[in-house]
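Chains as they are written, first to last, in the numbering used here: chain Y, 4 to 329; chain G, 5 to 280. Yeah, the Cβ is synthetic: ideal placement off N, Cα and C, and Gly gets one too. Accompanying notes for the structure given below.
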Amino acid sequence: MKTATELNAKSIPKMPASKRKKFSWDMFSSVATLIPSLILLGVFVYGFIGWTTYVSFSQWNSLIPNFNSAGFLNYSIIFSSYRFQSDLRNIVVFTAFFIIACLIVGLFLALLIDQKIKAEGFFRSIFLFPMAISFVVTGVVWSWILNPSTGVNLILKAFGWKSLPSWFLSTTIWPNWPFGQIQIGIPVALLAVLIAAVWQMSGFAMAVYLAGLRGISDEIKEAARIDGSGVFRMFFSIILPQLRGTTTTIIIILTAASLKIFGLIYAMTGPGQQFLTDMPSLNMFQTTFQGDQFAQGAAIAIVLLLMIAIFIVPYLIVTLRQGDDA
Amino acid sequence: MNTLALRRVSRTLLYVVLILLAALYLVPVYVVVVTSLKSNASVSLAQMWNFPNVFSFSSIASAWAQLGPNFINSFELAIPATLISSLIGALNGYALSKWRFKGSSVVYFFILFGMFIPYQSVLIPLLKVLDVIGLYNTIAGLILVHVVYGIPIATLIFRNYYTSIPLEMIEAGKIDGTGYWGIFRYIILPLSVSGFVVAGIWQFTQIWNNFLFAVSLTNPPDQPVTVALVNIAGSQTVQWNVQMASALLVSVPTLLVYILLGKFFVRGLLAGSVKG
Numbered sequence: 004m005k006t007a008t009e010l011n012a013k014s015i016p017k018m019p020a021s022k023r024k025k026f027s028w029d030m031f032s033s034v035a036t037l038i039p040s041l042i043l044l045g046v047f048v049y050g051f052i053g054w055t056t057y058v059s060f061s062q063w064n065s066l067i068p069n070f071n072s073a074g075f076l077n078y079s080i081i082f083s084s085y086r087f088q089s090d091l092r093n094i095v096v097f098t099a100f101f102i103i104a105c106l107i108v109g110l111f112l113a114l115l116i117d118q119k120i121k122a123e124g125f126f127r128s129i130f131l132f133p134m135a136i137s138f139v140v141t142g143v144v145w146s147w148i149l150n151p152s153t154g155v156n157l158i159l160k161a162f163g164w165k166s167l168p169s170w171f172l173s174t175t176i177w178p179n180w181p182f183g184q185i186q187i188g189i190p191v192a193l194l195a196v197l198i199a200a201v202w203q204m205s206g207f208a209m210a211v212y213l214a215g216l217r218g219i220s221d222e223i224k225e226a227a228r229i230d231g232s233g234v235f236r237m238f239f240s241i242i243l244p245q246l247r248g249t250t251t252t253i254i255i256i257l258t259a260a261s262l263k264i265f266g267l268i269y270a271m272t273g274p275g276q277q278f279l280t281d282m283p284s285l286n287m288f289q290t291t292f293q294g295d296q297f298a299q300g301a302a303i304a305i306v307l308l309l310m311i312a313i314f315i316v317p318y319l320i321v322t323l324r325q326g327d328d329a
Numbered sequence: 005m006n007t008l009a010l011r012r013v014s015r016t017l018l019y020v021v022l023i024l025l026a027a028l029y030l031v032p033v034y035v036v037v038v039t040s041l042k043s044n045a046s047v048s049l050a051q052m053w054n055f056p057n058v059f060s061f062s063s064i065a066s067a068w069a070q071l072g073p074n075f076i077n078s079f080e081l082a083i084p085a086t087l088i089s090s091l092i093g094a095l096n097g098y099a100l101s102k103w104r105f106k107g108s109s110v111v112y113f114f115i116l117f118g119m120f121i122p123y124q125s126v127l128i129p130l131l132k133v134l135d136v137i138g139l140y141n142t143i144a145g146l147i148l149v150h151v152v153y154g155i156p157i158a159t160l161i162f163r164n165y166y167t168s169i170p171l172e173m174i175e176a177g178k179i180d181g182t183g184y185w186g187i188f189r190y191i192i193l194p195l196s197v198s199g200f201v202v203a204g205i206w207q208f209t210q211i212w213n214n215f216l217f218a219v220s221l222t223n224p225p226d227q228p229v230t231v232a233l234v235n236i237a238g239s240q241t242v243q244w245n246v247q248m249a250s251a252l253l254v255s256v257p258t259l260l261v262y263i264l265l266g267k268f269f270v271r272g273l274l275a276g277s278v279k280g
């Protein structure tokens with residue numbers, strides 16, 4: 004991959020400057036190839052985002068469109084609502100735990116698999132297969148495994164566990180500090196959703212980490228070993244720093260996936276009691292298409308988009324720039 | 005001698021941990037398969053983990069009776085949408101990797117951003133536009149939607165793939181007097197088979213598994229399987245064995261693809277992490 008870009012970079016200065024500026028049918032074709040896609044994405048992505056933004060500032064909160072300006076009213080309505088405040092708490096808690104768990108589990112699995120083991124492909128396939136399944140399947144299946152009256156609780160009961168967890172039906176928030184209209188803390192019900200989400204997505208972290216580990220030269224690993232460094236010392240002072248870029252990539256991609264999470268919640272718990280498992284994506288869907296509050300739904304969608312763009316835009320710019328320099 | 009023994013112990017421990025973790029990841033598979041093979045009469049909350057006494061295919065038959073038509077919808081959606089978006093991706097990837105012009109990285113950014121947006125931010129206009137052009141609540145409408153929003157990832161996969169084709173091959177084509185389209189047709193396309201496999205598998209999986217567009221843009225009976233599954237699971241009257249059998253059926257096509265062509269699936273997965 005790298006060699007090709009290098010070749011690319013080298014071949015440009017070879018050409019005389021005058022020749023580069025000349026009109027070429029080939030270059031024209033290259034641009035022309037991209038134009039249909041650019042028009043489609045211009046309309047369906049950028050145009051529609053603009054349209055949604057416009058709706059979010061309108062008074063369209065019934066079945067009949069009403070584009071009279073409402074200023075920031077829809078935004079102030081959602082930010083002061085119990086449900087959206089709950090969503091923000093949930094999405095922050097969920098994303099933080101989801102990322103940490105996926106990083107730890109993914110790195111651990113990748114390290115195990117990288118030990119030149121037998122049947123490597125077999126193990127890798129098992130840890131990765133949930134990625135090939137729909138989030139709604141995961142939601143339906145795990146809602147049964149973690150159903151408080153059966154599933155995992157049967158096993159815990161067999162081990163003599165006294166107070167069985169109520170999983171996604173739990174109404175506990177810990178530590179439960181009052182803030183605005185809601186209680187700040189970790190909704191215990193989210194733990195059940197987290198287990199399902201980590202089961203599904205940790206394989207992604209594993210695969211990316213494995214690619215990263217394979218990129219570290221054996222000499223570096225060998226040098227550390229001869230040096231007499233212990234396993235842990237070697238891991239923290241040599242392997243982990245080498246994986247910094249890989250970790251950033253995983254964090255960004257999983258953050259984007261986590262903030263968007265929809266199917267899993269929809270199929271597994273829905274908004275939950277007191278909106279303890281609700282998310283902005285689900286709130287937007289129900290507000291818009293079941294509540295017919297189009298302008299408020301649009302406002303939620305735009306807030307969600309901004310949350311994701313904060314992570315994605317700098318990441319894309321940096322990555323693409325690196326690609327150009329290579 | 006000691007180091008050798010220590011090594012043997014640590015190797016054994018390594019495999020024990022791996023096997024335990026693998027078993028843990030397969031728990032949902034066990035639950036789904038075992039439950040799907042129980043009949044209505046023998047499914048009970050208390051015996052969830054038990055192996056079925058008698059294998060019964062009645063749950064799977066009952067799930068199929070409900071999901072069958074939606075299966076056809078999903079195939080009618082996923083196959084054309086996968087083919088079209090892969091083809092567009094190949095054309096874009098070729099232009100962006102082999103004929104870079106001033107501003108092509110800006111264009112690339114413009115395309116890629118669409119991959120990360122939460123689709124809620126385009127859903128209201130999308131619904132209205134599909135309604136106006138008569139494609140709301142149709143499979144054709146969903147195909148259009150998945151083709152358009154599949155352009156970024158398909159472009160990314162092919163751009164990365166074509167970057168690994170040496171530029172000399174293009175130069176050789178130019179010397180022979182072959183132009184942009186000739187080089188694509190006679191040099192690039194014959195080398196693209198595994199690129200199409202990677203993009204095709206990725207797109208098929210994503211489109212088959214998609215729920216948000218499906219639930220927002222279609223009503224029964226035109227819904228894909230994912231929506232049908234959620235409807236079955238959400239209904240109070242459907243037993244757990246039928247729910248699990250439905251979950252199993254919905255996963256069969258993508259799992260088959262994964263088992264048969266897993267190597268290419270992983271390449272699509274890694275491409276999704278946008279490496280320059």
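Given residue i as reference, the closest of the options once Cα atoms are compared
| i | options | result |
| --- | --- | --- |
| G192(G) | Q51(G), E172(G), T209(G) and T39(G) | The question names Gly, but residue 192(G) is Ile in the sequence shown. Ranking the options by Cα distance to I192(G), first place goes to E172(G). |
| T56(Y) | L323(Y), G326(Y) and A304(Y) | A304(Y) |
| P129(G) | G50(Y), D29(Y) and Y212(Y) | G50(Y) |
| V196(Y) | I94(Y), L213(Y), V211(Y) and L110(Y) | I94(Y) |
| S196(G) | K132(G), M52(G), A218(G) and N164(G) | N164(G) |
| G238(G) | I254(Y), A214(Y) and T272(Y) | T272(Y) |
| A158(G) | S168(G), A176(G), Q240(G) and Q210(G) | Q210(G) |
| G93(G) | Y153(G), V35(G) and S63(G) | Y153(G) |
| L265(G) | D226(G), A218(G) and A203(G) | A203(G) |
| L49(G) | I103(Y), W147(Y) and A113(Y) | W147(Y) |
Presumed contact (8 Å Cβ cut-off) between residue i and residue j, rounded CB distance
| i | j | result |
| --- | --- | --- |
| L308(Y) | I205(G) | About 29 Å; that fails the 8 Å criterion. |
| F278(Y) | R86(Y) | 5 Å |
| T98(Y) | T258(Y) | 6 Å |
| A260(Y) | M204(Y) | 7 Å |
| H150(G) | S78(G) | With a Cβ gap of about 11 Å, H150(G) and S78(G) do not count as contacting. |
| A67(G) | S250(G) | 4 Å |
| L221(G) | L146(G) | 6 Å |
| V261(G) | N74(G) | Contact doesn't hold; Cβ gap of about 18 Å is too wide. |
| S277(G) | T251(Y) | Not really, about 10 Å apart at Cβ, beyond 8 Å. |
| L106(Y) | A208(Y) | 6 Å |
| A82(G) | F268(G) | 16 Å between Cβ atoms; not a contact. |
| N54(G) | T36(Y) | Not quite, the Cβ-Cβ distance comes to about 59 Å (not below 8 Å), so this is no contact. |
Proximity below 8 Å, CB of residue i to CB of residue j
| i | j | result |
| --- | --- | --- |
| I155(G) | S40(Y) | yes |
| V139(Y) | V126(G) | no |
| Q124(G) | F292(Y) | no |
| L172(Y) | P151(Y) | yes |
| W145(Y) | Y29(G) | no |
| Y300(G) | F188(G) | Absent from the structure is residue 300(G), since the part of chain G shown begins at 5 and ends at 280. |
| Q299(Y) | N77(Y) | yes |
| S137(Y) | N235(G) | no |
| Q243(G) | N44(G) | yes |
| F111(Y) | A200(Y) | no |
| I115(G) | A275(G) | no |
| G154(Y) | G266(Y) | no |
| L262(Y) | I311(Y) | yes |
| S62(G) | L323(Y) | no |
| I255(Y) | F314(Y) | yes |
| A309(G) | L71(G) | This structure gives no information on residue 309(G), because the portion of chain G shown stretches from 5 to 280. |
Counted within 10 angstroms of its Cβ, other Cβ atoms place residue i as buried (16 or more) or exposed
| i | result |
| --- | --- |
| I67(Y) | exposed |
| P190(Y) | buried |
| N71(Y) | exposed |
| N156(Y) | buried |
| R127(Y) | buried |
| A69(G) | exposed |
| K42(G) | buried |
| S166(Y) | exposed |
| G124(Y) | exposed |
| Q247(G) | buried |
| I264(Y) | buried |
| I129(Y) | buried |
| G163(Y) | exposed |
Opposing strand residues paired with residue i [DSSP bridges]
| i | result |
| --- | --- |
| Q186(Y) | P181(Y) |
| I176(Y) | P190(Y) |
| S277(G) | Answer is none; S277(G) lacks a bridge partner. |
| S72(Y) | S61(Y) |
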